[in-house]
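Have a look at the structure below before the remarks.
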Amino acid sequence: MTAPASRLPVPAPSFAHLARLTDDTGLFEHARNATVRREHGYCTDDVARGLVVTSREPDPPDAVQQLAECYLTFLTHAQDDSGAFHNRLGHDRRWTDEPGLGDWWGRAVWGLGTAAARSRAPWIRDEALVAFTLSAGRRSPAPHAMAFAGLGAAEVLHGQPDNRIAADLLVDAAVAVGVPTGDPDWPWPQQRLTYASAALAEVVIAAADLRGDTRLLAAGLRMLAWLRDIQFANGVLSVIPVAGWQRHAPRARHDQQPIEVAALADACVTAAAVTGDSVWGTGVGQAVAWFLGANDGGTAMWDPATGGGYDGLTPDGPNLNQGAESTLALISTLQHGRRWS
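Numbering-wise, the sequence shown is residues 15 to 355 according to the numbering used here.
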């Protein structure tokens, strides 16, 4: 008899498919099954996430370290003198957009902050901090972009608690997210859940910890607890689908995206670190189990043969394409799961 997915051992994260998606320039965004779709080019959003997961590895082998070097180089090339970033680079090595402050800016700041705080290579830490500092003075009008950037600031502050630029960015990120309503049925700052929602709660928790603000901390934890609870149904994690969920509207069950699962695991790890409460480990375990098959489809959301994550859970089962975003979400979640277990 096979053990339930939630009780199976946590697999070690594999970087094999991430390496398959990477060349000497950066990380390709899309794949058909496990085959790279080079014609779609590279994306700063994904490269930044790649720098996060490679920097998190406690003892990275040379191959993983080389991926981190590639991703850092890509981000510094994407960054302009004002601290904004290009997002899309064609396979012909030409940027197809102008530098901006969208989600890709926030994720780039997150990746640089993580590398500055966690990389095992001193030169990577130094270079990442220079690039982080240049971009951390900017502000985006988009709450999600600010949340992602704030998480990078929180990383820097773990090693440099007196870094004023990072502290100001983290506080401003929490302000951009806002505070939840007093309605217990919808304790969320916005009237719609869209994508990577747990990152918004996570940055509020991190900012509250920085400021020693118990009321703000309670608000962030309330947001995260509610998000965790509404995404657990029939004994499995059932995340908000790509279409989002508007308050008072019916909620769809598909297509579920791995990014939601990874964001929940990230936020639960932060909540556990800030509060010391191991109850948040439940969310990490549910996120790992989602990839292993404890989900609405009862099916694994990754390919152990390639190390790639499937792109989404549809009514007909997994979308078997193994793109960068889904593979990075898998690696990130398994990293947390291994450490937590």
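Idealized CB from N, CA, C, for every residue including glycine.
In this text the structure is predicted, and so the values were computed from the model without any measurement.
For Arg352, same chain residues with a beta-carbon under 6 Å away, outside a window of 5 residues either side, are Val24 in chain order.
Nearest C-alpha to Glu43 among Gln349, Gly337, Leu348, Ser355: Gly337. Ile345 is positioned such that its CB atom lies no closer than 8 Å to that of Val288. Only buried fits Asp117, as 16 or more other CB atoms lie within 10 angstroms of its CB.
By the beta-carbon neighbour count (other beta carbons within 10 angstroms, threshold 16), Gln270 is buried. Annotation for Arg236: Pro194, Pro201 place their beta carbon closer than 8 Å to its own, counting only its chain and skipping 5 residues before and after. At the C-beta level, Asp60 and Glu339 come within 8 Å of one another. In its chain, beyond the 5 residues on either side, Gly55, Tyr56, Trp109 have a beta carbon closer than 6 Å to the beta carbon of Leu103. In the DSSP assignment, Asn333 forms a beta bridge with Gly326. Contact between the segment 242-257 and the segment 226-233 is absent: fewer than three C-beta pairs spanning the two stretches fall below 8 Å. Within the same chain, Glu169, Val170, His172, Gly173 come within 6 Å of Ala131 by CB-CB distance, once the 5 residues on both sides are set aside. Nearest to Asn335 by C-alpha distance, out of Asp186, Val50, Thr36, is Val50.
When DSSP states are grouped into helix, strand and coil, Arg121 belongs to the helix group. Cα atoms of Pro264 and Trp137: separation of roughly 50 Å, rounded to the nearest angstrom. Annotation: the continuous alpha helix (DSSP H) that includes Glu274 extends over 272-289.
Close CB contacts of Leu41 within its chain, under the 7 Å cut and outside five residues either way in sequence, are with Leu35, Tyr56, Asp60, Val61, Gly64, Tyr85, Ala338 (chain order). The segment 306-313 and the segment 277-293 do not touch, with fewer than 3 CB-CB distances between them shorter than 8 Å.
Ranked by Cα distance from Gly297, the options Ala276, Asp186, Pro75, Met315 are led by Ala276. Rounded to the nearest angstrom, the gap between the Cα atoms of Leu230 and Ala303 is 30 Å.
In this structure Pro272 is buried. Its beta-carbon is surrounded by 16 or more other beta-carbon atoms within 10 angstroms.
Per DSSP, Tyr85 is one residue of the alpha helix (DSSP H) stretching across 76-92. Its Cα nearest to that of Pro329, the residue His268 stands out among Leu278, His268, Arg206, Leu342.
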